[in-house]
Amino acid sequence: MAETREHTLTGTRGALCVHEWPRDEPRYLALLVHGYGEHAGRYAQVAGVLGAHGAAVFAPDHVGHGRSAGERVVVEDFEDVVSDVHAAADLARAAHPGLPLVMIGHSMGGLIAARYAQRYGSELTALVLSGPVIGEWELPGRLLSLPEIPDTPISPAALSRDPEVGAAYAADPLVWHGPMKRPTVEAFARTLRTVDEGGDVGALPVLWLHGDDDRLVPLPGSRTGVERLTGGADGDLTVRIYPGARHEVFAETDRDEVFADLTAFLDRVVPH
């Protein structure tokens, strides 16, 4: 397993843990943005692929997640989370000045990464969205219409066809296995609207990865958001949809194909 380091930054709402997978003489920086209820440590395999491809990899645990401060899975304002991710990007750039920066956001991390690109897109060389929560996502509205949010945690089987992925998720003490919390659901609803209204990312190259059997973030709803974010026909959008794949395409049974698509995209857009 690749060497890892941890940094502690002062985040918008307390201590922010940033994971680093270092590399000697990297040719670009990769910033991983994890999803709801999980943590950046689950992305060690992705970091290994990117490191072998030439990246120094950094990844924050968001507020209320992983080893960062905050009540578990409570995100009151995603704008603060975007600011925390920007602090992690500053850490990466200070360690390796002048290198291109690629952002890779999964699920809730896709929402955060999309908003980051709207706020700081000029600092990015490319954006990768994996099963992103953007566009038409019905869950927040459905949950907020109820008097009490039900205690129905994410099913490990919804993540991947690989049963070992679900088993590891279920056994991970840093993963949240309880119900969603109302402030976070309200923040999701607000930020979905903000990203929808926030404009496109212009000529920034975007890679969208999605499983066509994603039951947590259904493909059609994300398509609406991705097309709006990338400006339709005017944007630089590469799409890869994986038949039969569930929510976590980087942990799916066809992950080798996913990683090959990722590195091929980066070969095209990252300067040599």
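FYI, the numbering for the sequence shown is 1 to 272, going by this note's numbering. All residues carry an ideal CB built from backbone N, CA and C; glycine is no exception.
Open item on the list: Alpha carbons only, please: which of 152, 41, 115 and 141 is nearest the one belonging to residue 79?
Closed with: On the sequence shown, residue 79 is found 79 positions in, with the first residue counted as 1. Cα-wise, what sits closest to residue 79 is 115.
Task: Rounded separation between residue 271 and residue 84 - CA only - done: In the sequence shown, the residue the question calls residue 271 occupies position 271. In the sequence shown, the residue the question calls residue 84 occupies position 84. Rounded to whole angstroms, residue 271 to residue 84 spans 27 angstroms at the Cα level.
Task: Per-residue DSSP class, three states only, for residue 211 - done: Translated into the one-based positions of the sequence shown, residue 211 becomes position 211. If DSSP states are grouped into helix, strand and coil, residue 211 belongs with the strands.
- [ ] Taking the CB atoms as reference points, tell me whether residue 4 and residue 136 lie closer together than 7 angstroms.
- [x] Walking along the sequence shown from the start, residue 4 turns up at place 4. Walking along the sequence shown from the start, residue 136 turns up at place 136. Not a contact, by the Cβ cut-off of 7 angstroms.
- [ ] Could you please give me the residues that DSSP links to residue 60 through a beta bridge?
- [x] Within the sequence shown, residue 60 is the residue found at index 60, counting from 1. Paired residues: 18.
Task: Proximity winner among 93, 95 and 117, relative to residue 104 (alpha-carbon distances) - done: Sequence index remark: in the sequence shown, residue 104 carries index 104 (1-based). The option with the nearest alpha carbon to residue 104 is 117.
TODO: Counting only the same chain and skipping the five closest in sequence on each side, list residues whose C-beta sits under 6 angstroms from that of residue 263.
DONE: The sequence position of residue 263 within the sequence shown is 263, counting from 1. Within the same chain, residue 263 has close Cβ partners 53.
TODO: Can you give me the Cβ contacts of residue 253 inside the same chain, cut-off strictly under 6 angstroms, excluding the 5 residues immediately before and after it?
DONE: Counting from 1 along the sequence shown, the entry for residue 253 is found at position 253. Same-chain partners within the cutoff: 161 and 162.
Task: Rounded straight-line distance, which links the Cα of residue 238 to that of residue 266 - done: Residue mapping note: residue 266 aligns to position 266 of the sequence shown, counting from 1. Residue mapping note: residue 238 aligns to position 238 of the sequence shown, counting from 1. Taking the straight line from one Cα to the other gives about 11 angstroms.
TODO: May I have the straight-line CA-CA distance separating residue 1 from residue 46, to the nearest angstrom?
DONE: As a first step, residue 1 is located in the sequence shown; it is residue number 1 there, counting from the start. As a first step, residue 46 is located in the sequence shown; it is residue number 46 there, counting from the start. Reliability of the predicted coordinates at residue 1 is poor, the pLDDT of 48 falling under 50, and no value is obtained from them.
Task: Burial state of residue 256, where buried means 16 or more other Cβ atoms lie within 10 Å - done: Taking the first residue of the sequence shown as position 1, residue 256 is located at position 256. Exposed.
Open item on the list: Are the CB atoms of residue 91 and residue 125 within a distance shorter than 7 angstroms?
Closed with: Position 125 of the sequence shown, counting from 1, holds the residue named residue 125. Position 91 of the sequence shown, counting from 1, holds the residue named residue 91. The answer is no: Cβ separation not under 7 angstroms.
Task: C-beta atoms of residue 315 and residue 34 nearer than 7 angstroms - done: What is shown of the chain runs 1 to 272, which leaves residue 315 out entirely.
Task: Three-state class that DSSP yields for residue 7 in the structure shown - done: For the purposes of this step, residue 7 is taken as the residue at position 7 of the sequence shown. Strand.
Open item on the list: Just verifying my parser: in three-state terms, what is the DSSP assignment at residue 36?
Closed with: Here residue 36 refers to the residue found at position 36 of the sequence shown. Looking at residue 36 - three-state DSSP - the assignment turns out to be coil, as it is neither helix nor strand.
Task: Residue of 41, 82 and 58 minimising C-alpha distance to residue 30 - done: The residue labelled residue 30 in the question sits at position 30 within the sequence shown. That would be 58, whose Cα lies nearest to the Cα of residue 30.
Open item on the list: Could you give the first and the last residue of the continuous alpha helix (DSSP H) run that contains residue 49?
Closed with: Sequence index remark: in the sequence shown, residue 49 carries index 49 (1-based). Where residue 49 is concerned, the enclosing alpha helix (DSSP H) stretches over 44 to 53.
Open item on the list: On the CB-based measure, 16 or more other CB atoms within 10 Å of its CB, does residue 24 come out buried or exposed?
Closed with: Taking the sequence shown and counting its residues from 1, the one referred to as residue 24 is at position 24. Result: exposed.
Task: C-alpha distance - residue 66 paired with residue 175, whole-angstrom precision - done: Mapped onto the sequence shown, residue 66 falls at position 66. Mapped onto the sequence shown, residue 175 falls at position 175. Taking the straight line joining both Cα atoms gives about 7 angstroms.
Task: Contact between the region 140 to 148 and the region 173 to 187 (3+ Cβ pairs under 8 angstroms) - done: yes
Task: Distance, residue 77 Cα to residue 261 Cα - done: Counted from its first residue, the sequence shown places residue 261 at position 261. Counted from its first residue, the sequence shown places residue 77 at position 77. Going from the Cα of residue 261 to the Cα of residue 77 covers about 33 angstroms.
Open item on the list: On the DSSP letters alone, give me the boundaries of the alpha helix (DSSP H) that residue 262 sits inside.
Closed with: For the purposes of this step, residue 262 is taken as residue 262 along the sequence shown, with counting starting at 1. Run containing residue 262: 255 to 269, per the alpha helix (DSSP H) assignment.
Open item on the list: Quick check: residue 242 and residue 211, are their CB atoms within less than 7 angstroms of each other?
Closed with: The count along the sequence shown starts at 1 and reaches residue 242 at position 242. The count along the sequence shown starts at 1 and reaches residue 211 at position 211. Yes, these two residues count as a Cβ contact at 7 angstroms.
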